[in-house]
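Accompanying notes for the structure given below.
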Amino acid sequence: MINKMNQVHGKGDVYVPPKNNHDTQFGIQHFAGVVHYDSKGFLEKNRDALSTDLIQLVEKSSNKMLKQAFQNELSSNGEIASANPKMTITPKNSLRQLTVDAKKRAPTLSGQFRQSLDALMKTLTACQPYFIRCIKPNDFKKPMLFDRDLCMRQLRYSGMMETIRIRKAGYPIRYTFDEFLERYRVLLKSSLCDPKVVRRNVAVDIVVVVIVVVHCVTATLLHLVSQTTSGEIAERETQILIINIHKRYKCYTPA
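This note's numbering puts the first residue of the sequence shown at 415, with every later residue one more than the last.
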């Protein structure tokens, strides 16, 4: 298993190969960091198959409730379904070769997990979900106490930092036409931004040409690529507040 993973994923960014040929551990780069896994018994755990002796014991039992609990492990004709998809064990304890289609193989844990993820993705694709991420500010359940390291760990574990990176790589700023014109109409002549003179989307296109920013116009929204960081925006807003406060102060200060 380790050799095959090294061949297939050895050059990948998220796979961490073992340190030497005798090491059975490999690592996966998750959002929060590298998590190491041990390959010993990995395939057996993935198959999640019960012991053959245990299934044989259940098959010979006269307890109907017990047989019903293990009905998935027993075939319809009373034969015992083996963990090996190419073999089956009869009550007489004899083996016979089978040519089983891959579709009839018992699902593994990773296969079940993949199916559940596929079902979840189909559900999310069919709707418009809104995600609300809740984090704990501290471990003591106290108000007005903010643990910076704890909050950062939760953001990394939940994949929020990766989501932010993806949003920044796309069109993170979104305006409706009215919101965009309300904010940037001062850049043009008033007649050009008058809804009675031109259409809203035409005015938006003109404004975008003036401020020269990468954009994407949809039916109801205008998507922009940010050319400034959030820190620069916060610093600019702080400077504006300082200037306004200074002006107010000079108005009430006697000469």
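By construction, the Cβ of each residue, glycine as well, lies at the ideal position given by its N, Cα and C atoms.
Assigned secondary structure, residue i (DSSP; H/G/I helix, E/B strand, else coil)
i	result
residue 665	helix
residue 636	strand
residue 571	helix
residue 422	helix
residue 541	coil
residue 547	coil
residue 590	strand
residue 429	strand
residue 528	helix
Pairwise C-alpha distance: residue j and residue i
i	j	result
residue 463	residue 531	22 Å
residue 561	residue 551	6 Å
residue 415	residue 591	56 Å
residue 521	residue 541	29 Å
residue 556	residue 639	39 Å
residue 559	residue 566	15 Å
residue 578	residue 481	51 Å
residue 544	residue 527	23 Å
residue 630	residue 568	33 Å
residue 648	residue 595	22 Å
residue 473	residue 440	39 Å
residue 571	residue 452	21 Å
residue 575	residue 665	45 Å
residue 533	residue 581	24 Å
residue 593	residue 599	10 Å
residue 549	residue 444	19 Å
residue 426	residue 420	9 Å
residue 468	residue 529	28 Å
residue 422	residue 535	26 Å
residue 509	residue 537	Any reading at residue 509 must be qualified, since the residue scores a pLDDT of 40, below 50, and its modelled position is unreliable; no value is offered.
residue 663	residue 657	10 Å
residue 471	residue 554	51 Å
residue 587	residue 632	13 Å
residue 597	residue 456	58 Å
residue 458	residue 465	11 Å
residue 435	residue 486	39 Å
residue 635	residue 539	20 Å
residue 491	residue 484	Note on residue 491: pLDDT 39, under 50, position unreliable in the model; the coordinate value appears next. If I take the Cα positions, the gap works out to 14 Å.
residue 652	residue 573	30 Å
residue 547	residue 424	34 Å
residue 654	residue 601	19 Å
residue 442	residue 475	44 Å
residue 564	residue 583	27 Å
residue 589	residue 650	20 Å
Nearest-angstrom Cβ-Cβ length linking residue i and residue j, presumed shorter than 8 Å
i	j	result
residue 637	residue 585	3 Å
residue 454	residue 438	5 Å
residue 524	residue 460	6 Å
Beta carbon proximity, residue i to chain B, threshold 8 Å
i	result
residue 478	Among the chains in the structure shown there is no chain B, since it carries only a single protein chain.
(request) Flag this pair as touching only if the region 423-431 and the region 442-455 have three or more C-beta atom pairs under 8 Å; answer yes or no. (result) A contact exists between the region 423-431 and the region 442-455.
(message) What ranges does the alpha helix (DSSP H) occupy inside the region 431-457, keeping only unbroken runs of at least 4 residues that lie completely in it?
(response) Taking only runs of at least 4 residues, no alpha helix (DSSP H) segment lies wholly in the region 431-457.
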